[in-house]
Amino acid sequence: RPGANGNIGTEAAARSPADGYTLLTATPATVTQPLLSQNARFKTADFVGVGLVGAPPNLFVVSPSVPAKTLREFVEYARTRPGKLSVSNPGVGTSNHLGQELFFSLTGLQLVDVRYPGQPQMIADIASGQVHFGLMTAALALPHVKEGRLRALAIGAPKRWGELPELPTVAEAGFPDAMFLPWYGIVAPAGTPRPIVKRLSDEILAALANPEVAARLDKMGTQVTPASAEDFDALLRSETERWTRVIRERNIRSEG
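In this note's numbering, the protein residues as written are 203 to 458.
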């Protein structure tokens, strides 16, 4: 069920019978929307993790007009210019926006927030130098990085990406706590019997163990990050704690 940034479908799933016949593709928004918007009538505790699937990571990119060649160089460059550099924002509460806010909370950077309805126009403005910095979905940014229209400084992932093997991870770039994956996985309504959850989890893990599946997802810009139901549950809890802190510290509120 589309609508309201996915909240309508998520609410419907949360209220469905816990019988294993209703599943939801969860994303970080499943965690953050209840923290951002008073209109979200669900919470993370309404679901139980079934299995983590993968994550299409973001690239930390700058305009070619910015002299920084590494993420640490950019931080040093921006710190000497508080309020003079700009950052693209494709929407409050998007993974790109929240990843940026996490990075700024760790580094203390002050950049001017420039709002966009989506990522395509962001690319044009960063490439032209109208905006200086942004987080972009790796697969979307890739051709522009290869053409030299954008300069990638790091990838927000636990491992390097085969499409840009020379690009360091954000941890390798010196900012391990800024690693944020816009993951997606499968959840079920809380109270779904554990034997059903385990069977579904085992099927997901078996599919992701297929090398052809993993290779195809990687080519599409999605790093396969399989995790059991228990591990995914732990991730949901830790993500809730992290984003509760960041959203409060950065005073982020949804527009809807």
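No residue lacks a Cβ here, since even glycine has one placed at the ideal position from N, Cα and C.
Predicted, not measured: the structure shown is a model, and the values here were computed from it.
Presumed contact (8 Å Cβ cut-off) between residue i and residue j, rounded CB distance
i, j, result
"Ala359", "Pro259", "4 Å"
"Val252", "His334", "Between His334 and Val252 the Cβ distance is about 40 Å, and since that is not below 8 Å, they are no contact."
"His346", "Ile325", "6 Å"
"Glu176", "Arg452", "What the structure shows of the chain is the stretch from 203 to 458, and residue 176 is not part of that stretch, so it cannot be assessed."
"Asn328", "Leu352", "One point to set straight first is that residue 328 is Ile, not Asn, in the sequence displayed. Between Leu352 and Ile328 the Cβ distance is about 6 Å, and since that is below 8 Å, they are a contact."
"Leu238", "Ile454", "6 Å"
Under the three-state DSSP convention, the category residue i falls into
i, result
"Ala375", "coil"
"Asp248", "helix"
"Ala280", "helix"
"Ser297", "helix"
"Gly460", "Outside the displayed range of the chain (203 to 458) lies residue 460, so it cannot be described from this structure."
"Gly270", "Reading the sequence as shown, one finds Ala at residue 270 and not Gly. Three-state DSSP puts Ala270 in coil, outside helix and strand."
"Leu410", "helix"
"Ser403", "helix"
"Thr424", "coil"
"Phe382", "coil"
"Leu342", "helix"
"Leu366", "strand"
"Leu261", "strand"
"Thr212", "helix"
"Gln240", "coil"
"Lys361", "coil"
"Thr232", "helix"
"Leu304", "helix"
Residue i to residue j span [Cα, whole Å]
i, j, result
"Ala343", "Leu438", "28 Å"
"Arg401", "Val389", "13 Å"
"Gln332", "Met338", "16 Å"
"Arg447", "Gly376", "22 Å"
"Phe305", "Val289", "12 Å"
"Leu261", "Ala356", "6 Å"
"Val250", "Lys271", "42 Å"
"Leu311", "Pro284", "7 Å"
"Met381", "Ala373", "7 Å"
"Asp248", "Gly256", "22 Å"
"Gly387", "Ser403", "10 Å"
"Leu383", "Gln425", "9 Å"
"Asn241", "Asn209", "9 Å"
"Arg450", "Ser307", "11 Å"
"Val316", "Ser330", "15 Å"
"Leu246", "Pro219", "For clarity, residue 246 is Thr in the given sequence; the question names Leu instead. Approximately 16 Å, taken between the alpha carbons."
"Gly393", "Ala216", "11 Å"
"Arg203", "Glu213", "At Arg203, the pLDDT of 43 sits below 50, so the modelled position is not reliable and the matter cannot be decided from this model."
"Tyr223", "Ile398", "10 Å"
"Ala206", "Gly301", "Bear in mind that a pLDDT of 46 at Ala206, under 50, signals an unreliable position, so the number given afterwards is only what the model happens to contain. Each residue's Cα considered, the two are about 21 Å apart."
"Glu365", "Gly350", "15 Å"
Continuous alpha helix (DSSP H) stretch holding residue i: start and end
i, result
"Met338", "No alpha helix (DSSP H) holds Met338; the beta strand (DSSP E) holding it covers Phe335 to Thr339."
"Val415", "Pro413 to Lys421"
"Ala220", "Counting along the chain, Ala220 falls outside any alpha helix (DSSP H), and DSSP gives it neither H nor E."
"Thr442", "Ala431 to Arg452"
"Ser330", "Gln321 to Ser330"
Bounding residues of the beta strand (DSSP E) (the contiguous stretch that carries residue i)
i, result
"Leu226", "Leu226 to Ala228"
"Arg353", "Arg353 to Ile357"
"Arg188", "Residue 188 falls outside the range modelled here, since the chain spans only 203 to 458, and no answer is possible."
"Asn291", "Ser288 to Asn291"
"Gly387", "Tyr386 to Pro391"
Min CB distance residue i to chain D below 9 Å
i, result
"Thr224", "The question asks about chain D, but that chain is absent: this structure has only one protein chain."
- Is the segment 437 to 452 close to the segment 409 to 419, with three or more CB pairs under 8 Å? Cβ pair count under 8 Å is below three, so no.
- Item | Meets three-Cβ-pair contact criterion under 8 Å: the segment 234 to 251 and the segment 290 to 297 | Yes, the segment 234 to 251 touches the segment 290 to 297.
- Task: Examine the Cβ distances between the segment 419 to 438 and the segment 268 to 286 and report whether three or more of them are shorter than 8 Å.
- Result: Contact between the segment 419 to 438 and the segment 268 to 286 is absent: fewer than three C-beta pairs spanning the two stretches fall below 8 Å.
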